[in-house]
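First up is the structure itself, then whatever we jot down about it.
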Amino acid sequence: MTDHSALRVAVIGAGPAGLAAGRELLRKGFTDITIFDALDAPGGTWRLHSYPGLACDVWAHSYSFSYAPNPDWSANFVDQPEIQAYLARCATDFGLDPYLRLNTRIRRAHYQHTGGWMLHSDSGEVLPFDVVINAMGNQHTPLFPDVPGMDLFSGDSWHGTRWNHDVDLTGKRVVIVGSAASAVQIVPEVAKMAGHLTVLQRSANWIMPRGKKVYTPAQRRRARRFPVLISMARKWQRLLMGQVEYAVTLGHKRMAQFENRVHDFIARTISDPAMRTALTPDSRYGCKRGLVSDDFYPALMKDNVELVASGLREVTATGLVTEDGTCINADVIIYCTGYRILDFDRIEVTGARGTTLADAMGDNPRAHKGIAVPDFPNYFFAVGPNGLVLNVSYFITAEKSVGTIVRLLGEMRAAGKREMVVKRESCQQYNDWMSTRFERFSWGASDCHSYYRNASGHAPFLFPGNFSEYRSLQDASGLHEYHLT
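In terms of the numbering used here, the sequence shown opens at residue 7 and continues consecutively.
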C-alpha cells in the first residue's frame, strides 16, 4: 500500500469544508496534516459571526455532514450557537483535534521552485508543506458601500458580520443599510430594542417563509433511537431542495410558482399597499439569493420601524443621505451590505510562475471543476469558483469536492509522483463547457445584476447545473487532467 504519510498537507480553514477535508485525508491514510484557522475554535463562518438572529436558512438535518447526523437539533432551522457547537463536536468526533492549529492566521503561501509550498503565519512562522487545500470559504470579508463620508459619522457604526456587542441599541435611532441575507435576520431582533429603526432597501429580495418548528424532547428522543427518521427527513428535504434548480431555470413553471408564493407571503403580512409594492422584487426568482424568514416582513410593520426604498448616497456626521435625497439622523449605522465574494487576495498565494492567485483570477475567476487552477501545483480549493451547487446543502458539495481532491492525491502517490497541476487545456475545456450553460438560469442571465455576477458580467460563484451533474463530473476527474511530476 502506498505510504501517504510522507505527504505534508495543509488545510487552511476549520469550517465545514476544512473539517470534511481533514476527515477524508485521515480516512485515506494521510496523517501528516495540519488544519489552520485564525479563530480560537472550529466552525468557520459560524464561529466568526455572531450577529443577533444569525441562523441557517437550510433545514438543520440537511445542513450537516452526511456521515454525522445530529438527532439533538432543537428545531428544523437552528441558530449560530448550535451550528458552531455541532462543528466543534464533529472536529473531535472525526479525530481532528490533534491536527488543529487554531489562533493561527496564514498570511502568505508561496510555491517553491524546488517543489512544495511555504506558508507564512501572522506570528512569523514559516512552515513547509507539499499540498495546500484552501478551505477558507466565501463569507468572510465584509463589503462596505463605496460612498463618501464613511469616516465622518460621529455615532457608532459597524458591519453586520462584525457585530459590536458592547453597544446597547435600546431606545436608539438605528439605520440598517441593506435588506438581504443578514438584514432579514438582524432587523427583527434590532426592532425589539431600537427606539426607531430605519431599513434602507436598494432593491427588493425574494423572501420565503421559513416555517420554523421547534422539536419536542420526544421528537429528539425518537431521532436518537431511530436514526432512519433523520435519513427519511433528509431525503424529503433533498427532494424539496431539488426544486430550487427548476425555480431558477428560466422558462420553467416552478419559477412562477416560487414567485407567486413570495407574492402571497407579502400580501398576507404587509398591509400597507405602498410598502407591499416596494417589497415586491423586479427581478426573476434566483437572480438574487433566495431568502427565508418568518419575521422580517412583520418587523417592518412595527410602529418603530420604517422601510426606505432607496440606496445610500453618502454618510454625514449625524446620519446619512439616501439616493433619493432623504436625510436620516442616526445614533447607530449598521451595514448589512454583504461580503467580497471569492476574495482571492485574502492571503497572498504565489504559484509556479511567480503570479499571485489574485492576479491569475482577476475579474474572471475560473477553476477546473471548482478545485484546481493551472500554474498552482498541489494547490486545491475545497469549494472554488463555480464550485457551489444550488440545489443541495453546502455540506454535500464540500464533501464531494474534498473527496475528489483526496482521491486524486492518493492516485498521484500510487503513481509514484509528488506533485500535480491541472492542465491548462483541461481547465479551458471545462470552463468553455460551463459558459454555454449560465444563460439557462436567472442568476447567470445577462440581465441579472447581483453578487452572483461580477462587474465583468462573469458568474463565478455557482455551478450551472444540479448536484447529479456535478457529482458525475467529479467522479470523472482523473490524473489524465493533470501534469504529474
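We put the CB at the ideal spot given by N, CA and C, even for glycine.
- Comparing C-alpha distances from Pro466 to each of Ser432, Tyr488, Asn144 shows the shortest one belongs to Asn144.
- DSSP lists Gly325 as the beta-bridge partner residues of Asn335.
- Using a 10 angstroms sphere on the CB of Val220, the tally of other CB atoms stays under 16, which defines it as exposed.
- Under the three-pair Cβ rule at 8 Å, the segment 398 to 414 does not count as touching the segment 347 to 360.
- Arg295 is positioned such that its CB atom lies no closer than 8 Å to that of Ala200.
- Around the beta carbon of Val298, a 10 Å sphere encloses 16 or more other beta carbons of the protein chains shown; the residue is thus reported as buried.
- Judged by DSSP in its simplified three-state form, Ile353 adopts coil rather than helix or strand.
- Between Ala284 and Ala305, the CB-CB gap reaches or exceeds 8 Å.
- Residue burial is scored here from C-beta neighbours: Asn335 has fewer than 16 other C-beta atoms within 10 angstroms and is therefore classed as exposed.
- Between the segment 274 to 284 and the segment 164 to 173 there are fewer than three C-beta pairs closer than 8 Å, too few to call the two in contact.
- Closest by C-alpha distance to Thr361, out of Leu414, Tyr117, Ala44, is Tyr117.
- For Pro148, DSSP records a beta bridge to Tyr345.
- With a threshold of 16 other beta carbon atoms within 10 Å, Cys333 falls short and is exposed.
- For Asp162, the enclosing beta strand (DSSP E) stretches over residues 162 to 165.
- Cβ atoms of Tyr105 and Ile39 come within 8 Å of each other, at about 5 Å.
- As computed with DSSP, Tyr117 is found in a beta bridge with Trp123.
- Nearest Cα to Asp481 within the set Val196, Gln86, Thr410: Thr410.
- DSSP places Arg413 within a helical segment (H, G or I) once states are collapsed to three.
- Taking one beta carbon from each stretch, the segment 425 to 440 and the segment 88 to 95 have fewer than 3 pairs nearer than 8 Å; the two do not touch.
- DSSP places Tyr488 inside the beta strand (DSSP E), whose first and last residues are 488 to 490.
- With fewer than 16 other CB atoms across the displayed protein chains lying within 10 angstroms of its CB, Gln435 is exposed.
- Unbroken beta strand (DSSP E) runs of no fewer than 3 residues, entirely contained in the segment 163 to 197, are found at 179 to 183, following chain order.
- Taking the CA atoms as reference points, Pro215 sits about 11 Å from Val190.
- Per DSSP, reduced to three states, the secondary structure at Asn437 is helical.
- By the criterion of a C-beta distance shorter than 6 Å, Asp349 is surrounded in its chain by Thr147, once the five residues flanking it on both sides are discounted.
- For Lys375, the number of other beta carbons within 10 angstroms of its own is at least 16, and it is reported as buried.
- Cβ contact annotation for Phe382 (same chain, cutoff 8 Å, sequence separation greater than five): Tyr117, Val355, Gly357, Ala358, Leu363, Ala366, Val427, in chain order.
- Leu246 sits exposed, since fewer than 16 C-beta atoms from the chains shown fall within 10 Å of its C-beta.
- One alpha carbon belongs to Arg231, the other to Pro77, and they sit about 9 Å apart.
- For a cut-off of 8 Å, the C-beta gap from Glu487 to Ser432 is around 4 Å, short enough to register as a contact.
- Within 10 angstroms of the beta-carbon of Phe36 lie 16 or more other beta-carbons, which makes it buried.
- Secondary structure of Tyr385 (DSSP, three-state): strand.
- Comparing C-alpha distances from Val193 to each of Gly217, Ser129, Leu60 shows the shortest one belongs to Leu60.
- Here DSSP, grouped into helix, strand and coil, assigns Val427 to strand.
- Only residues of its own chain outside the window of five on either side were considered, and among them Phe42, Thr110, Arg111, Ile112, Arg113, Leu133 have a CB closer than 8 Å to the CB of Ser127, listed in chain order.
- Contact check for Gly393 against Ala373 passes: the beta carbons are separated by less than 8 Å.
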